[in-house]
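A.B. asks: Could you have a look at this structure, given as structure tokens, before my questions?
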Amino acid sequence: MTIVDRLRYDGKRALVVGGATGMGAAAAKSAAELGAEVIVLDYAPVGYDVAQSVQVDLRDPASIDAALAQVDGPIHALFSAAGIAEGTTDLMAINFIGHRYVIDRLLEKNQLPSGSAICFISSVAGMGWENDLELLTEFLANADFASAQEWVKAHESEGIIHYGFSKKAVNAYVATQGYPLLKKGIRINAICPGPTDTPLAQANADLWLTFAQDYRDETGSKVHTPEQMGDVMAFLNSAAAFGINGITLLVDYGHTMASLTGAYPPGKPIIDLIMGRVKL
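Next up, the structure:
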């Protein structure tokens, strides 16, 4: 088998949760170009050709159950891509709890075979999750949909439930599930994108798309495209990424690491703050 064979998805089925637009749509198209049969679950309609599209509301476990009941057979690549921004109702349900519920149901129905892989989309806002591991572990211990939602509601008054926490939950989940899932032959990873020109980012452009602009100016880089992220996700869920497991992969032209180490001094204050190395 060649590297090209390992990258390809011939004979495989990909399920993209949140594949109507943005990075999810890009990942779906990348997987399809590599030979996958692509199924998309999304609340919004899917405007491109896929093998199957099913409407789902990640805030509602009954909706997820109904959607997955329409998906038969094995899923070799799961892309957990749906997400919403700060200040939106049911942030945690859409950004994490619903995705975890999808994974749990697929595992329960033996639809994730040995050799399959899962890829989430995280965020720079989720970096430094290790500093909050005790709290995140407490949250993740609420393993079912209802108890997780109850935990979120119980902690809303503390001001800790926000976009960054939802992405820290993704990172902590990926890190903690790498081992138990691998015992089933399943890998799990996430990408941590730099600023990427998606509809969600456009809606928050003043903050999201201007982040690290000085670094891009100095390095001749541009804001990422959804397709660039989709390609990385397709790689991580391919057999070519064998051995990559339990990580959140930075895809940001090196901005975070250059800033963290001081190689790019202007970026260090904000990255140190995001990663919890300094306090406001």
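For reference, each letter of the sequence shown is one residue, going 442 to 721 in my numbering.
Glycine included, every Cβ here is placed at the ideal spot set by N, Cα and C.
Anyone know if the C-beta pair for L519 and L482 falls short of 8 angstroms?
C.D. replies: Not in contact: L519 and L482 (Cβ atoms no closer than 8 angstroms).
A.B. asks: What are the start and end residues of the alpha helix (DSSP H) that includes N612?
C.D. replies: Annotation for N612: the continuous alpha helix (DSSP H) segment containing it runs Y604 to L623.
A.B. asks: Less than 8 angstroms between the C-beta atoms of F537 and A610, yes or no?
C.D. replies: yes
A.B. asks: Taking the alpha carbon of T431 as the point to measure from, which residue in E668, A681 and D501 has its own alpha carbon closest?
C.D. replies: Nothing about residue 431 can be read from this structure; the chain reaches only from 442 to 721.
A.B. asks: What are the boundary residues of the alpha helix (DSSP H) that L448 is part of?
C.D. replies: I444 to L448
A.B. asks: Hey, how far is the Cα of N686 from the Cα of E597?
C.D. replies: 32 angstroms
A.B. asks: Going by DSSP, which residues form a beta bridge with Q496?
C.D. replies: D483
A.B. asks: Starting from the C-beta of Q631, find all residues in its chain whose C-beta is less than 8 angstroms away, skip the five residues before and the five after it, and write them out in chain order.
C.D. replies: It should be noted that the sequence gives Ala, not Gln, for residue 631. Exclusion of the five residues before and after A631 leaves C560, F561, I562, S563, V611, N612, V615, I688, T689 and L690 as the residues of its chain whose Cβ lies within less than 8 angstroms of its Cβ.
A.B. asks: Work out the CA separation of R657 and T702 for me, nearest whole Å.
C.D. replies: 17 angstroms
A.B. asks: Following the continuous beta strand (DSSP E) through I629, name the residue where it begins and the one where it ends.
C.D. replies: R628 to P634
A.B. asks: Does the ligand GTP have even one heavy atom less than 7 angstroms from the beta-carbon of L509?
C.D. replies: Within the structure as shown, the ligand GTP is missing, as the structure has no ligands at all.
A.B. asks: Rounding to the nearest angstrom, what Cα-Cα distance links G635 and K608 in this structure?
C.D. replies: 14 angstroms
A.B. asks: DSSP three-state call for V673: helix, strand or coil?
C.D. replies: In the structure shown, V673 sits in a helix (DSSP, three-state: H, G or I).
A.B. asks: Are the CB atoms of A455 and A472 within a distance shorter than 8 angstroms?
C.D. replies: Against a cut-off of 8 angstroms, the Cβ pair of A455 and A472 comes out as a contact.
A.B. asks: Which residue's Cα is closest to the Cα of I480: G459, P640 and G695?
C.D. replies: G459
A.B. asks: Rounded to whole angstroms, what is the Cα-Cα separation between L574 and F606?
C.D. replies: 11 angstroms
A.B. asks: Please state whether the Cβ-Cβ distance between E668 and A467 is less than 8 angstroms.
C.D. replies: yes
A.B. asks: Using the C-alpha atoms, what's the distance from G717 back to N572?
C.D. replies: 7 angstroms
A.B. asks: Exposed or buried, what is L622 when buried is set at 16 or more other beta-carbons lying within 10 Å of its beta-carbon?
C.D. replies: L622 sits buried, since 16 or more C-beta atoms from the chains shown fall within 10 Å of its C-beta.
A.B. asks: So is F683 in contact with chain C if we call contact Cβ pairs under 8 angstroms?
C.D. replies: No chain C is present in this structure, which holds just one protein chain.
A.B. asks: State yes or no: is the C-beta of G488 within less than 8 angstroms of the C-beta of T639?
C.D. replies: no
A.B. asks: Does the distance from the C-beta atom of G569 to that of I715 stay below 8 angstroms?
C.D. replies: Going by C-beta atoms, G569 is nearer than 8 angstroms to I715.
A.B. asks: Could you tell me whether the Cβ atoms of A508 and Q496 are closer together than 8 angstroms?
C.D. replies: yes
A.B. asks: Decide if N678 is buried, meaning its Cβ has at least 16 other Cβ atoms within 10 Å, or exposed.
C.D. replies: buried
A.B. asks: Just to confirm the assignment: which complete alpha helix (DSSP H) runs, minimum length 4, are found wholly within the segment 553 to 607?
C.D. replies: 574 to 581 and 586 to 596
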